[in-house]
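So the structure is just underneath, and the comments pick up after that.
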Amino acid sequence: MTSFLPVLIGSALVLLLVLALFFRPALRTEKAKKPKVSGESPAFDEEYSVELAEPVRQNIIDTVPELPGSYGMDRLVLMIRDPYWLYSYWEVTATKMDEISGHLSPGLWESSRAVLRVYDVTGIDFDGHNAICSFDCSLGSPADEWYINVPSANRTYCVDLGRILPDGSFITILRSNMVTTPRDNLSDRFDEEWMWIEGLYFRQQMGVSSPLIIEELAERMGKLPLGISSPGFYNPHE
Amino acid sequence: MHTGYLCLILHAHLPYVRHPEHENLLEERWLYEAITETYIPLINAFERLVGENIPFRLTMSLSPTLISMLTDGLLQERYIKHIDKLVELSGREVERTYNTAFQASALMYQNLFRRCRDTFYRYDRNLVQAFKKFQDAGRLEIITCGATHGFLPLILNKNAVRAQVNTAIELHTRHLGKRPEGIWLPECAYTPGIDAILKENGIKFFILDTHGILFASHRPRYGVYAPIFCPTGVAAFGRDTESSKQVWSSNEGYPGDFHYREFYRDIGYDLDYEYIKPYIHPDGIRIHTGVKYFRITGRTDHKEPYQPAAAIEKAATHAGNFMFNREVQAEYLSRLMDRPPVIVAPYDAELFGHWWFEGPQWLEFLIKKMNFDQKKILMITPGDYLKLHGCNQVATPCASSWGHKGYNEVWLCGKNDWIYRHLHAASDRMEWLAGQYYNADGARLRALNQAAREVLLAQSSDWAFIMNTGTMTDYAIRRTKTHLDNFIRLFNEIKEDRIDEGSLHYLESKNNIFPDIDFRSFAGKTA
Chain A
3 MTSFLPVLIG SALVLLLVLA LFFRPALRTE KAKKPKVSGE SPAFDEEYSV ELAEPVRQNI
63 IDTVPELPGS YGMDRLVLMI RDPYWLYSYW EVTATKMDEI SGHLSPGLWE SSRAVLRVYD
123 VTGIDFDGHN AICSFDCSLG SPADEWYINV PSANRTYCVD LGRILPDGSF ITILRSNMVT
183 TPRDNLSDRF DEEWMWIEGL YFRQQMGVSS PLIIEELAER MGKLPLGISS PGFYNPHE
Chain B
-3 MHTGYLCLIL HAHLPYVRHP EHENLLEERW LYEAITETYI PLINAFERLV GENIPFRLTM
57 SLSPTLISML TDGLLQERYI KHIDKLVELS GREVERTYNT AFQASALMYQ NLFRRCRDTF
117 YRYDRNLVQA FKKFQDAGRL EIITCGATHG FLPLILNKNA VRAQVNTAIE LHTRHLGKRP
177 EGIWLPECAY TPGIDAILKE NGIKFFILDT HGILFASHRP RYGVYAPIFC PTGVAAFGRD
237 TESSKQVWSS NEGYPGDFHY REFYRDIGYD LDYEYIKPYI HPDGIRIHTG VKYFRITGRT
297 DHKEPYQPAA AIEKAATHAG NFMFNREVQA EYLSRLMDRP PVIVAPYDAE LFGHWWFEGP
357 QWLEFLIKKM NFDQKKILMI TPGDYLKLHG CNQVATPCAS SWGHKGYNEV WLCGKNDWIY
417 RHLHAASDRM EWLAGQYYNA DGARLRALNQ AAREVLLAQS SDWAFIMNTG TMTDYAIRRT
477 KTHLDNFIRL FNEIKEDRID EGSLHYLESK NNIFPDIDFR SFAGKTA
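Protein chains in written order, with my numbering: chain A, 3 to 240; chain B, -3 to 523.
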């Protein structure tokens, strides 16, 4: 097997060469391009850096493999985009589907509609019934992913993929992992804990609490230019 | 006692763009350009400073993908070809520009390229050795990064995050001779829980964007001007916006000065095709050669010739301005604090030289001025700071990144969200493999290690980033899909016990990153 490889690679190279010659592009003489600068955030533009050379088309004939449409596992995954947006994707196996629709009387599945039920489970041990509050997102029928707009930063959410039956009852197909949205502002917790670390993580705590300079610093922190830089390339959010 | 500390951090990273199967892939040029314009100019600046006996302390992160490329024989060989061509081109340019306004620049490039070649040979083609030399001389604190710059909060699988961290530390230690004390979290992306994995690996600190510290669970008493300890005891330092803005911002930042070199006028595009043909892409595609003769001039298409001497003057002025502003800032902050404030100023290393051509000179001027012209501010590294100030406030930092809008959106949006269902499946399957075949040997062991490499390579945050920015997206998509596809094939072969050693060997030689990888790090047990 191994002895065939050089031959294979050799013939692949010849083929590449032939193809490369065949597809040789018209000579390009355009100028180096400068990306457009967005005027969206006037005060603090992102790092205006095209770190690397501008892209130019080249003839790469490598085939791009297709990835599987499904992995044969039941999963509903919840991810954080920012303090107010979650992203979820899911995969329901045929087995799971049959299992659920099999429990329903005929025709009921067809007349139900797909929703994502979003639970606020901040600070609780969620058992499926004790959420602080919840809301539904109606799904377009063939959806297998969804962006969810959530009301509050710094809250813990969990999502059920399910169906709402004509009588209004909800059946859960899959339950997601839990995520906590990031804060989008300064914390109101002023109680301070300090830690002394010496050598290899020797730990001794001492409580310190004095008002000090919070107000003045907070004033400086008032306007926060987030994402001044974006790494690597110029970011074209326009 | 100093009034304040300045902690400059250069984050050096490029994605793994080694393509033995293509002789002239444009993406591979990213590395060669960065070597010529950033890494070697920085090394030369450090050499001069050491030669003049000027003390300084800088922090640099060298990403494991970058270390792997800088120490790779094939890429070193190809870089020599690349720099030889540039030396040849610059020689022709010196002749061509004789008696023109471009002569000074042409000579400057010839000098630069020759120096690059000399430097490259002087370190035996291995630039990591150069950085190690400055580390061992006490000038640089070199920290690590994610193994392939994976965006850790979106990996979700904790053991896959462990593999990113663990693999990085192993590689770093092998090339730099000691374990890193700190890590540059890829894209400064953090979510609570990552610190615990860092602690398992002996990491003592990481860097976050400003709001990662300010929005911590408890309001930080000193804002970003002192680190906080996560409850695990790992320290988090926050980026200072003022010093960042002075260098990053396209409007107000130094790099936009009219005397500085214009990036977008390159002789690869400007000169006659027949003349420049040997120095551009063999398919006749015009590309940046690195030889650029104009200065920014103004917000106009009309560009004046670049004058190296005037640009150097500007770099010196800007260094002085930066230092002055830090002094004022430290003076002000120190009145509000019971300890000297630490001003953390992290930058992409490739900003210096490649994009901001005069950047390395600016840095050299800054270091010299800090040494000779002032006594208030001390340059330190995060590790130094923790040794000086072992008592810090405890709070859990806020999940954040340094990308646009400050959270995960750059890496999770309509243009790249499709990758995660595949990446997560691959991480979970790799974790399963690692548990199932923990004691594997022979071909199966090799297949498992290669599978781990493919998962890690697919996780590079660079791919999602490029898909989002809309340039070179084909390449990023191809890389993501190819590594995932390689993984899936290996997964099936391992599981079904039918490993194709021929194709395994091919993958091992093609994607040869992390020669000492241990797939067991995906099992969550660290050695």
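Here a beta-carbon is modelled for each residue, glycine too, at the ideal position from N, C-alpha and C.
Residues in its own chain within less than 8 Å of residue i by CB, not counting five upstream and five downstream?
i, result
"isoleucine 462/B", "Met468, Thr469, Tyr471, Ala472"
"glutamate 17/B", "Lys506"
"glutamate 24/B", "Val13, Arg14, His15, His18, Leu71, Arg74"
"isoleucine 36/B", "Arg111, Cys112, Thr115, Phe116, Leu123"
"arginine 322/B", "Gly0, Leu2, Ser239, Ile339, Ile373"
"threonine 169/B", "Arg175, Pro176"
"valine 324/B", "none"
"methionine 319/B", "Leu362, Lys365, Met366, Asp369, Gln370, Ile373"
"asparagine 464/B", "Val406, Trp407, Cys409, Lys411, Asn412"
In terms of residues, what are the limits of the beta strand (DSSP E) holding residue i?
i, result
"valine 79/A", "77 to 84"
"threonine 140/B", "136 to 141"
"isoleucine 532/B", "Here chain B comprises residues numbered -3 to 523, so residue 532/B is not present and cannot be evaluated."
"glycine 0/B", "0 to 8"
"methionine 56/B", "54 to 58"
"isoleucine 173/A", "172 to 177"
Which stretch, first to last residue, makes up the alpha helix (DSSP H) that contains residue i?
i, result
"glutamine 357/B", "355 to 368"
"serine 103/A", "96 to 104"
"histidine 385/B", "Looking at the DSSP string, histidine 385/B is not in any alpha helix (DSSP H), and its letter there is neither H nor E."
"cysteine 139/A", "That residue, cysteine 139/A, is in no alpha helix (DSSP H); its beta strand (DSSP E) goes 135 to 140."
"methionine 104/B", "99 to 118"
"histidine 501/B", "497 to 506"
"phenylalanine 461/B", "457 to 465"
"glycine 431/B", "415 to 432"
"tryptophan 26/B", "22 to 30"
"alanine 448/B", "438 to 454"
"arginine 474/B", "469 to 491"
Cα-Cα, which of the options is closest to residue i?
i, options, result
"glutamate 258/B", "Tyr275/B, Tyr289/B, Arg235/B", "Tyr289/B"
"histidine 479/B", "Glu183/B, Asn317/B, Thr144/B, Pro251/B", "Thr144/B"
"serine 113/A", "Arg119/A, Ser103/A, Asp138/A", "Ser103/A"
"isoleucine 138/B", "Ser213/B, Ser57/B, Val161/B", "Ser57/B"
"alanine 126/B", "Ala311/B, Thr96/B, Leu38/B", "Leu38/B"
"glycine 438/B", "Glu450/B, Ser239/B, Leu500/B, Ala454/B", "Leu500/B"
"glycine 252/B", "Phe353/B, Ser239/B, Leu210/B, Gly198/B", "Phe353/B"
"leucine 419/B", "Ser457/B, Arg440/B, Ser396/B, Tyr250/B", "Ser457/B"
"methionine 104/B", "Met366/B, Ala306/B, Glu427/B", "Ala306/B"
"serine 423/B", "Gly399/B, Arg442/B, Ala454/B, Gly410/B", "Ala454/B"
"aspartate 120/B", "Gly47/B, Asn153/B, Leu347/B, Ile76/B", "Ile76/B"
"alanine 155/A", "Thr182/A, Tyr121/A, Pro168/A, Ser107/A", "Thr182/A"
"alanine 116/A", "Asp64/A, Gly164/A, Leu78/A", "Gly164/A"
"aspartate 129/A", "Ser189/A, Asn187/A, Cys160/A", "Cys160/A"
Given residue i, which residues of its chain have a CB within under 6 Å of its CB, disregarding the five upstream and five downstream residues?
i, result
"lysine 371/B", "none"
"phenylalanine 515/B", "Ala430, Leu444, Asn445, Ala448"
"alanine 436/B", "Leu444"
"tyrosine 1/B", "Pro336, Val338, Leu374, Ile376"
"proline 511/B", "none"
"proline 188/B", "Thr392"
"leucine 226/A", "Confidence in leucine 226/A is poor, its pLDDT being 31 and thus under 50, which makes the residue's placement unreliable; the coordinate value appears in the next sentence. If we look at leucine 226/A and ignore the five residues flanking it on each side, it has no Cβ neighbours."
"isoleucine 5/B", "Thr55, Pro342"
"histidine 284/B", "Asp262, Gly264"
What residues of chain A sit near residue i, judged by a beta carbon separation below 7 Å?
i, result
"alanine 212/B", "Ser189"
"cysteine 394/B", "Pro184, Arg185"
"leucine 408/B", "Met81, Arg83, Tyr89"
"histidine 314/B", "Under the 7 Å cutoff, chain A gives no residues; its nearest Cβ is about 16 Å from histidine 314/B."
Starting from residue i, find everything on chain B with Cβ-Cβ shorter than 7 Å and list it in chain order.
i, result
"aspartate 84/A", "Lys401, Tyr403, Asn404, Glu405"
"proline 67/A", "Lys477, Thr478, Asp481"
With a CB to CB cut of under 7 Å and the five nearest residues on each side skipped, what residues in its chain are close to residue i?
i, result
"leucine 503/B", "Gln446, Asn482"
"proline 11/B", "Thr61, His145, Ser456, Asp458"
"isoleucine 513/B", "Thr163, Asn445, Ala448, Arg449"
"phenylalanine 361/B", "Ala311, Ala312, Ala315"
"tyrosine 91/A", "Val79, Asp146, Glu147"
In chain B, which residues lie less than 9 Å from residue i when you measure between Cβ atoms?
i, result
"isoleucine 199/A", "Lys200, Phe225, Gly229, Ala231, Leu382, Gly386, Cys387, Asn388"
What in chain A is Cβ-close to residue i, meaning under 8 Å?
i, result
"alanine 421/B", "Tyr73, Met75"
Name the chain B residues whose beta carbon is nearer than 8 Å to that of residue i?
i, result
"aspartate 193/A", "His214"
For a minimum of 3 consecutive residues, which ranges assigned as the beta strand (DSSP E) are wholly contained in the region 276 to 358 of chain B? Under the rule that a run must span 3 or more residues, the beta strand (DSSP E) segments found entirely inside the region 276 to 358 of chain B read 338 to 344.
Would you list, in sequence order, the uninterrupted alpha helix (DSSP H) runs of no fewer than 4 residues that lie entirely inside the region 208 to 250 of chain B? If we require 4 residues or more, the alpha helix (DSSP H) runs fully inside the region 208 to 250 of chain B come out as 237 to 244.
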